[in-house]
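Novice:
Protein chains in written order, with the UniProt record's numbering: chain A, 1 to 461; chain B, 1 to 461.
Structure (structure tokens):
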């Protein structure tokens, strides 16, 4: 609980209508897209960087936890205020400040919705590649804090690859700028990339300059149907081995298709073991040649059918099932846990097999889909958090999945971050020395541990 | 001076033949490509990571400075042991450990020569884009530590964009691994990118996994001749405004051409104010269309002549002058200072004008060339460090150039780093708060300040 004095100070910073303390309001900021929730003590909605710096200074003096919040679409409990304190809601700071068509950059406020940026830059023939599935709700600030990915990551990389400049309020309330409109910049330590993906624990991102690309001239999509998931996984790996880097390369297993068809029939082949959805983009001739080569590769790998979209409508139809997958899953079980263990691309067949074996061992329903072209799997565990016995099996299954991914040279998280839900595995990936280094950096930057405390590392570890 | 006890311990770690203390040997490791030099107390050449960890542990206990060294091609005095101590020479750790054609990665030791990696991966149809001009001497470890760039940065980015995994010995002698063969990885703080470009001050890079691309199918080159440097600079900016991202986009002014023709005649138009050299790569049809569009843009901007290479030989001929530029400059003056102030692309005409005005004001000979497509200018100051009066003017000129670049939204360094030579400008770019943050990180990671001390920040600042 914050005392009346603090609330008064917060009101004097952001205005009395932008500080929320009623239970109804607090509940709205207590959760994200995981099953974890905790009430904050107050929510404030600042209008600009200066107000944020003042709030942080106050919190730092009073040692009050602060959790910055964008769209709340986080999948690792990164935006849940697990130690209470103040949630800084960034929805008022949602402007596009500039689209610079000479330097191919956009400068935006952190509360801007990702899809709104896509729309604005595409209007002038430009392209912002990162496309997290939550892009219609997620914000640019959240994307940077979590280093969000998306299907187009195979070819274009993730948020970090497009962040070119940041303004950040540090845990002591200073305003620091790093990077900018220059493509190249090697001055000093790479604070920009340290803040990117720091999950709100090192600073609050208050302005972002992203790099844009020319909008590709053309794109083509195909869906390949496989009787064996092993063959499908091999096709994923072989397409890239054949030197084609598709824009997106997604895989869905039979289990995932069945759920999609049950809730939103789009004509997926329910008698098949798996399908692979592949999109290429580039110059018009180039994509024609590429899609043909991809088709051949899929057939060589044993695809029994390849559906090549002939126009944008057909392509949209092929994508429809994949795009609806998360919504469908959410309807099909009370608790849906989306993991994102990621492996080197060549290990996709191995990790698919491993996940299936783990699901069988623990008698769990785990449809598999994911941005398989970059090895970023999304096994989706359909469960019910009220079923204590099943949740124990879920936990054991998750442990085994991460162990398997790391043993294959993979990582805990391809795009969702660590937050709360993967803290216990950090030691597996980085060892004690790696974690000690990260903790030392956290302590140096945030001596009072006020920014998003309790995240990324296990407390007192 | 190190006492005999320490030398003995170093010998026991790396073997007696790999510790060097004679003056003749020390001189070889006292300099880099700047005018700054300082003798180390000892040079050791370890064979592997474990030996490096032992050396660093010893140095940390004894508080002896350590400077890691690759090819010594540094342009900011980053590899000069300005506080003495131990130079760790990495030439024995020069192996390619693996080229993984499935995952499109290469894993190498830090002492590997950059060009050797290019050659090895191109043999199997793959492509490592970063191409620092020093690539025949520079090492991958040095490239990562300095975050090296190169002409291909316009389209492909710099070293940081290809580092996918690192093994690092920290200043306390721990061995930490981050990243790996997965394309996506957002686990924990981005230590990998913090180490990249940290100029040897946060850790010693002992193994590197880089991302590779498929080798582009084709490339085309043209040289456009301009009677006005202003028009040339505008062409640079307009090519990209027209949505073409060339592989390289280089500019040379008349001054630079004259020097090249004096020492290595390649037929540059000495009556022109400047030339622009542009290369595009990609699919065969695509590059044909692109080079045509680039030609048109150059003509629209006032190019009096455009030479389009019809084959690889002609392209090599167009590149010859540019590639020989640094060698030529080195012959033409006792002291050559290459700056790399970098501006947003749209400001290229402005910075070119500013540099010319500064050169005139201080009566200095400053040919201009650079990777202009990414705003990364290389004004090259031809001087003589023995001429005290001229060196004063040089210093004032450099001050003004950096002030101008920063005022245009630029940065101190596009690719050469801070080292010693740009320390005094760090405050201009990052302010006191930004520098305090970097210093706090340095102190947290390297509490005894043993790793490359005296670099990046001004001492005691």
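We put the beta carbon where it would ideally sit given N, CA and C, even for glycine.
Computed from a predicted model, the values in this text were never measured in an experiment.
(1) Please classify residue 411 of chain A as buried or exposed, where buried requires at least 16 other C-beta atoms within 10 Å of its C-beta.
(2) Against residue 345 of chain B, what residues of chain A qualify as contacts under a CB-to-CB distance less than 9 Å, listed in chain order?
(3) Helix, strand or coil for residue 349 of chain A, going by three-state DSSP, please let me know.
(4) Relative to chain A, which residues along the stretch 116–138 of chain B have a C-beta separation below 7 Å, given in chain order?
(5) Taking 8 Å as the cut-off, decide whether the C-beta atoms of residue 343 of chain A and residue 182 of chain B are in contact.
(6) Around the Cβ of residue 462 of chain B, are there at least 16 other Cβ atoms within 10 angstroms (buried) or fewer (exposed)?
(7) Using a Cβ-Cβ distance cut-off of 8 Å, determine whether residue 401 of chain B contacts chain A.
(8) For residue 444 of chain A and chain B, any beta-carbon pair shorter than 8 Å?
(9) Could you please tell me which residues of the stretch 342–376 of chain B, in chain order, have their CB closer than 8 Å to any CB of chain A?
(10) Report the residue from B/167, B/203, B/3 whose alpha carbon sits nearest the alpha carbon of residue 447 of chain B.
(11) Near residue 376 of chain A, what residues of its chain come up, given a Cβ to Cβ distance below 8 Å and the 5 sequence neighbours on each side ignored?
(12) Does residue 34 of chain B get closer than 8 Å to chain A when you measure Cβ to Cβ?
(13) Return the residues of the stretch 388–399 of chain A that lie within a Cβ-Cβ distance of less than 7 Å from chain B, sorted by chain order.
(14) Quick check on DSSP: helix, strand or coil for residue 457 of chain A?
(15) Check whether the Cβ of residue 386 of chain A lies closer than 8 Å to any Cβ atom in chain B.
(16) Starting from residue 320 of chain B, follow the beta strand (DSSP E) in both directions and report where the run begins and ends.
(17) Would you decide whether residue 252 of chain B is buried or exposed? Buried here means 16 or more other CB atoms lie within 10 Å of its CB.
(18) So, at 6 Å on beta carbons, what are the nonlocal neighbours of residue 417 of chain B in its own chain, with the 5 sequence-adjacent residues on each side left out?
(19) Do residue 234 of chain A and residue 301 of chain A come within 8 Å of each other at the CB atom, strictly closer than that value?
(20) Measure the beta-carbon distance from residue 10 of chain B to residue 19 of chain B and round it to whole angstroms, keeping in mind my assumption that it falls under 8 Å.
(21) I need the straight-line Cα distance from residue 464 of chain A to residue 84 of chain B, nearest angstrom please.
(22) Specify the secondary structure class of residue 118 of chain A as computed by DSSP and reduced to three states.
(23) If contacts are defined as beta-carbon pairs under 8 Å, then residue 243 of chain A and residue 214 of chain B qualify, I think. What distance do you get, rounded to the angstrom?
(24) Buried or exposed: which applies to residue 5 of chain A, given that a residue is buried once 16 or more other Cβ atoms fall within 10 Å of its Cβ?
(25) Indicate whether at least one CB of chain A lies closer than 8 Å to the CB of residue 240 of chain B.
(26) Look at the Cβ atom of residue 456 of chain A, then the Cβ atom of residue 423 of chain A, and state whether they are nearer than 8 Å.
(27) Kindly list, in the order they appear in chain B, the residues whose Cβ is closer than 7 Å to that of residue 189 of chain A.
(28) Taking its Cβ as the centre, do 16 or more other Cβ atoms sit within 10 Å of residue 98 of chain A, making it buried, or is it exposed?
(29) If residue 306 of chain A sits next to residue 224 of chain A, beta carbons under 8 Å apart, how far is it from one beta carbon to the other, in whole angstroms?
(30) As an exercise, report each continuous alpha helix (DSSP H) stretch of at least 4 residues that is fully enclosed by the stretch 4–69 of chain A, in chain order.
(31) Quick check on this structure: which residue in A/122, A/453, A/155 has the alpha carbon closest to the alpha carbon of residue 419 of chain A?
(32) Which residue comes first and which comes last in the alpha helix (DSSP H) that contains residue 195 of chain B?
(33) Give a yes or no on whether the minimum CB-CB distance between residue 301 of chain B and chain A is below 8 Å.
(34) Quick one: grab the DSSP three-state call for residue 213 of chain B.
(35) Helix, strand or coil for residue 439 of chain B, going by three-state DSSP, please let me know.
(36) Taking the runs of the alpha helix (DSSP H) that are 4 residues or longer, which of them lie wholly in the stretch 194–275 of chain A?
Specialist: On the basis of the coordinates in this document:
(1) Here residue 411 of chain A refers to the residue found at position 411 when the first chain is read from its first residue. Result: buried.
(2) Counting from one through the second chain, the residue named residue 345 of chain B turns up at place 345. Residues of chain A whose Cβ lies closer than 9 Å to the Cβ of residue 345 of chain B are, in chain order, 102, 103, 104, 181, 182, 183.
(3) One-based indexing of the first chain puts residue 349 of chain A at position 349. Helix, per DSSP.
(4) 125
(5) Your numbering for residue 343 of chain A matches position 343 in the first chain. Your numbering for residue 182 of chain B matches position 182 in the second chain. Yes, they are a contact pair.
(6) In the structure displayed, chain B extends from 1 to 461; residue 462 of chain B sits before or after that span and is not available.
(7) By 1-based counting over the second chain, the position of residue 401 of chain B is 401. Residue-level contact check: residue 401 of chain B does not touch chain A, since none of the beta carbons of chain A fall below 8 Å from its beta carbon.
(8) Indexing the first chain from 1 puts residue 444 of chain A at position 444. Yes, residue 444 of chain A lies at the interface with chain B (some Cβ there is under 8 Å from its Cβ).
(9) 342, 343, 344, 345, 346, 371, 374, 375, 376
(10) Here residue 447 of chain B refers to the residue found at position 447 when the second chain is read from its first residue. For residue 447 of chain B, the nearest C-alpha among the options comes from B/203.
(11) By 1-based counting over the first chain, the position of residue 376 of chain A is 376. Contacts found: 149, 153, 340, 342, 370, 414, 415.
(12) What you label residue 34 of chain B is simply residue 34 of the second chain in a count that begins at 1. For residue 34 of chain B, not one C-beta of chain A is nearer than 8 Å to its own C-beta.
(13) Listed by position along the chain: nothing, the set is empty.
(14) Taking the first residue of the first chain as position 1, residue 457 of chain A is located at position 457. Here residue 457 of chain A sits in coil by DSSP.
(15) Working through the first chain from its first residue, we reach residue 386 of chain A at position 386. With its beta carbon at least 8 Å from every one in chain B, residue 386 of chain A lies outside the interface.
(16) Here residue 320 of chain B corresponds to residue number 320 of the second chain, with the count starting at 1. Not the beta strand (DSSP E): residue 320 of chain B falls in the alpha helix (DSSP H), residues 312–332.
(17) Your numbering for residue 252 of chain B matches position 252 in the second chain. Buried: at least 16 other Cβ atoms inside 10 Å.
(18) On the second chain, residue 417 of chain B is found 417 positions in, with the first residue counted as 1. The answer, listed in chain order, is 76, 78, 146, 199.
(19) Within the first chain, residue 301 of chain A is the residue found at index 301, counting from 1. Within the first chain, residue 234 of chain A is the residue found at index 234, counting from 1. For residue 301 of chain A and residue 234 of chain A, yes; Cβs fall inside 8 Å.
(20) One-based indexing of the second chain puts residue 10 of chain B at position 10. One-based indexing of the second chain puts residue 19 of chain B at position 19. Confirmed, Cβ separation roughly 5 Å.
(21) The first residue shown for chain A is 1 and the last is 461, placing residue 464 of chain A beyond what the model contains.
(22) Here residue 118 of chain A refers to the residue found at position 118 of the first chain. Helix at residue 118 of chain A.
(23) Against the first chain, residue 243 of chain A aligns to sequence position 243. Against the second chain, residue 214 of chain B aligns to sequence position 214. Sure, about 4 Å apart at Cβ, within 8 Å.
(24) As a working note, residue 5 of chain A is residue 5 in the first chain. Residue 5 of chain A is exposed by the Cβ-count criterion.
(25) Residue 240 of chain B sits at position 240 when you count from the first residue of the second chain. Residue 240 of chain B counts as touching chain A.
(26) Along the first chain, one-based indexing puts residue 456 of chain A at 456. Along the first chain, one-based indexing puts residue 423 of chain A at 423. It is a contact, given that the beta carbons lie within the stated cut-off.
(27) As a first step, residue 189 of chain A must be located in the first chain, where it is residue number 189. In chain order: 194, 198, 438, 441.
(28) Start at 1 with the first residue of the first chain, and residue 98 of chain A comes out as number 98. It is exposed - the Cβ of residue 98 of chain A has fewer than 16 other Cβ atoms within 10 Å.
(29) Working through the first chain from its first residue, we reach residue 306 of chain A at position 306. Working through the first chain from its first residue, we reach residue 224 of chain A at position 224. Between residue 224 of chain A and residue 306 of chain A the Cβ distance is about 5 Å, and since that is below 8 Å, they are a contact.
(30) 4–14, 23–28, 49–62
(31) As a working mapping, residue 419 of chain A is identified with position 419 in the first chain. Answer by Cα proximity: A/453.
(32) Walking along the second chain from the start, residue 195 of chain B turns up at place 195. Segment 191–195, the alpha helix (DSSP H) holding residue 195 of chain B.
(33) The residue labelled residue 301 of chain B in the question sits at position 301 within the second chain. No, residue 301 of chain B does not count as interfacial toward chain A.
(34) For the purposes of this step, residue 213 of chain B is taken as residue 213 along the second chain, with counting starting at 1. In this structure, residue 213 of chain B counts as strand in the three-state DSSP scheme.
(35) Numbered from 1 along the second chain, position 439 holds the residue referred to as residue 439 of chain B. Residue 439 of chain B falls in the helix class under three-state DSSP.
(36) Runs found: 229–241, 254–263.
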